[in-house]
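Student: Next up is a structure, given as structure tokens.
Residue numbers (my numbering): 38 to 391.
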């Protein structure tokens, strides 16, 4: 048991066996034996390992209850396996702390994910669009814009975490399951509209994986679901009309701010539901390419999505005396004094600790 915990903490920091060995003045072979549970480290060694890995000694004795399964990454093709291992370890750590907190409440503060009457088979792309409308209807979203997508996903039982894009610039997000719990991870430095499309795309994987008929591409289907979920067909028709010969860039910019979806994605939506022709779409995309808007869209960026449910639950548990300050700081992965400053409203910085 200790071995897996040591390995996970090491991978979360991106350390090789030799890197960790150098920090605690042991050979990489000795570290390997600890991780393989061939040798049990002494108390002194565990203290050194804890300091090197930035965890308390108690961390090593917690049962390894979670595994990341059915992982789907939105990443660059050349992303290293080592970085993927680091990200996996970091996500498992966040999941572990989240579930530990939830279990401290007398009744669970979150619901289990469920969408009723999901189709067993999706036969064509139009049925993907219908599924998006079905989910919106069940979640009482209507056809309005969704201002806080992470909040909606969390309310429906999907755990959402952020990953550091400065450290991992080649990943936009991922979907996975942890002990049958759906988990979505999104890059923290991406523009808000890109984050939202990633979140909706990964929701598409949660709903569409294993139910598409042969011939339907899963990535294209998830993209279609994401576009429809963020900007429903009827909403776009209401704003643009049923048929257009062209669309002004300023219109697209205004719709981006209303619905939180990129200008190019709105153009694509307009083409795929028949508001504009393919020829018009290609002409407008050519203009975007010529003006450099395909790389950086004009106007102000859409605000980034915010994750706050975990911190909110921490202070809920603290207020109800389910936990004390030390446990709260431990769950937030921050020093006790930093937590006290946060609690006293002297600091607002919690994100980089998680």
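A virtual CB, placed ideally from N, CA and C, is assigned to each residue, including glycine.
Just so you know, these numbers come straight off a predicted model, no measurement behind them.
(1) Do the region 155 to 167 and the region 353 to 360 make contact, defined as three or more Cβ pairs closer than 8 Å?
(2) On the three-state DSSP scale, how would you describe residue 213?
(3) Should residue 252 go down as buried or exposed, given a rule of 16 or more other Cβ atoms within 10 Å for buried?
(4) Measure the CB-CB distance between residue 237 and residue 267 and report whether it falls below 9 Å.
(5) So what does residue 108 bridge to, in DSSP terms?
(6) Please name the residue in 239, 293, 46 whose C-alpha comes closest to that of residue 259.
(7) Evaluate residue 102 with the Cβ neighbour count: other Cβ atoms within 10 Å of its Cβ, from every protein chain shown; 16 or more gives buried, anything less gives exposed.
(8) Since residue 200 is in the alpha helix (DSSP H), which residue starts that stretch and which ends it?
(9) For residue 147, which residues from the same chain have a beta carbon less than 7 Å from its beta carbon, with the 5 sequence-adjacent residues on both sides left out?
(10) Please list the terminal residues of the continuous alpha helix (DSSP H) segment that includes residue 58.
(11) Going by C-alpha distance, which of 205, 384, 61 is nearest residue 120?
(12) Where does residue 350 fall in DSSP's three states?
(13) With DSSP as the reference, label residue 223 as helix, strand or coil.
(14) So, is residue 297 buried or exposed, given that buried needs 16 or more other C-beta atoms within 10 angstroms?
(15) Could you round the C-beta distance between residue 306 and residue 264 to whole angstroms and report it? I think they count as a contact, below 8 Å.
(16) Taking all protein chains shown into account, do 16 or more other C-beta atoms lie within 10 angstroms of the C-beta of residue 94, making it buried, or fewer, making it exposed?
(17) Taking all protein chains shown into account, decide if residue 320 is buried (16 or more other Cβ within 10 angstroms of its Cβ) or exposed.
(18) Pull the bridge partners of residue 249 from the DSSP assignment, please.
(19) For the region 309 to 387, which segments carrying the alpha helix (DSSP H) assignment without a break, of at least 4 residues, lie completely within its bounds, in sequence order?
(20) Going by DSSP in three states, residue 298 sits in which element: helix, strand or coil?
(21) Counting Cβ pairs, one atom from each stretch, are 3 or more of them under 8 Å apart for the region 285 to 297 and the region 336 to 343?
(22) Expressed to the nearest angstrom, what Euclidean distance is found between the alpha-carbon atoms of residue 143 and residue 92?
(23) Helix, strand or coil: which one does DSSP assign to residue 284?
(24) DSSP three-state label for residue 208, please.
(25) Taking CB distances under 9 Å as the criterion, tell me whether residue 48 reaches chain C.
(26) Should residue 149 go down as buried or exposed, given a rule of 16 or more other Cβ atoms within 10 Å for buried?
(27) In whole angstroms, what separates the C-alpha of residue 177 from that of residue 274?
(28) Give me the Cα-Cα distance between residue 229 and residue 82, rounded to the nearest whole angstrom.
Tutor: For this structure:
(1) no
(2) Here residue 213 refers to the residue found at position 176 when the chain shown is read from its first residue. In the structure shown, residue 213 sits in a strand (DSSP, three-state: E or B).
(3) Within the chain shown, the letter at position 215 stands for residue 252. Counting Cβ neighbours within 10 Å, residue 252 comes out exposed, since fewer than 16 surround it.
(4) The count along the chain shown starts at 1 and reaches residue 237 at position 200. The count along the chain shown starts at 1 and reaches residue 267 at position 230. The answer is yes: Cβ separation under 9 Å.
(5) As a first step, residue 108 is located in the chain shown; it is residue number 71 there, counting from the start. In the DSSP output, where bridge partners are listed per residue, residue 108 has none listed.
(6) To locate residue 259, count along the chain shown from 1; it is residue 222. Cα-wise, what sits closest to residue 259 is 239.
(7) As a first step, residue 102 must be located in the chain shown, where it is residue number 65. Classification for residue 102: exposed.
(8) By one-based count along the chain shown, residue 200 stands at place 163. Looking at the DSSP string, residue 200 is not in any alpha helix (DSSP H); the run it does join, the beta strand (DSSP E), is 196 to 200.
(9) Counted from its first residue, the chain shown places residue 147 at position 110. So the list reads 139, 194, once near-sequence residues are dropped.
(10) Taking the chain shown and counting its residues from 1, the one referred to as residue 58 is at position 21. Here the alpha helix (DSSP H) through residue 58 covers 54 to 61.
(11) Here the question's residue 120 lines up with position 83 in the chain shown. Closest by alpha carbon: 205.
(12) Locating residue 350 in the chain shown gives position 313, counting from the first residue. Residue state, collapsed to three classes: helix.
(13) As a position in the chain shown, residue 223 is number 186, starting the count at 1. Residue 223 falls in the strand class under three-state DSSP.
(14) Start at 1 with the first residue of the chain shown, and residue 297 comes out as number 260. When all chains shown are included, residue 297 counts as buried.
(15) Here the question's residue 306 lines up with position 269 in the chain shown. Here the question's residue 264 lines up with position 227 in the chain shown. The Cβ separation is near 5 Å, so the contact holds.
(16) For the purposes of this step, residue 94 is taken as the residue at position 57 of the chain shown. The residue is exposed, with fewer than 16 neighbouring Cβ atoms inside 10 Å.
(17) Mapped onto the chain shown, residue 320 falls at position 283. Per the 10 Å Cβ criterion, exposed.
(18) Within the chain shown, the letter at position 212 stands for residue 249. Bridge partners of residue 249: 159.
(19) 315 to 327, 346 to 356, 362 to 368, 373 to 380
(20) As a first step, residue 298 must be located in the chain shown, where it is residue number 261. Looking at residue 298 - three-state DSSP - the assignment turns out to be coil, as it is neither helix nor strand.
(21) yes
(22) Taking the first residue of the chain shown as 1, we reach residue 143 at position 106. Taking the first residue of the chain shown as 1, we reach residue 92 at position 55. Taking the straight line joining both Cα atoms gives about 28 Å.
(23) Here residue 284 corresponds to residue number 247 of the chain shown, with the count starting at 1. Coil, per DSSP.
(24) As a working mapping, residue 208 is identified with position 171 in the chain shown. Strand.
(25) The structure shown contains no chain C; it holds only a single protein chain.
(26) Taking the chain shown and counting its residues from 1, one reaches residue 149 at position 112. Exposed, since its Cβ has fewer than 16 Cβ neighbours within 10 Å.
(27) As a position in the chain shown, residue 177 is number 140, starting the count at 1. As a position in the chain shown, residue 274 is number 237, starting the count at 1. Answer to the nearest angstrom: the Cα atoms are 20 Å apart.
(28) Sequence index remark: in the chain shown, residue 229 carries index 192 (1-based). Sequence index remark: in the chain shown, residue 82 carries index 45 (1-based). If you take the alpha carbons of residue 229 and residue 82, they lie about 44 Å apart.
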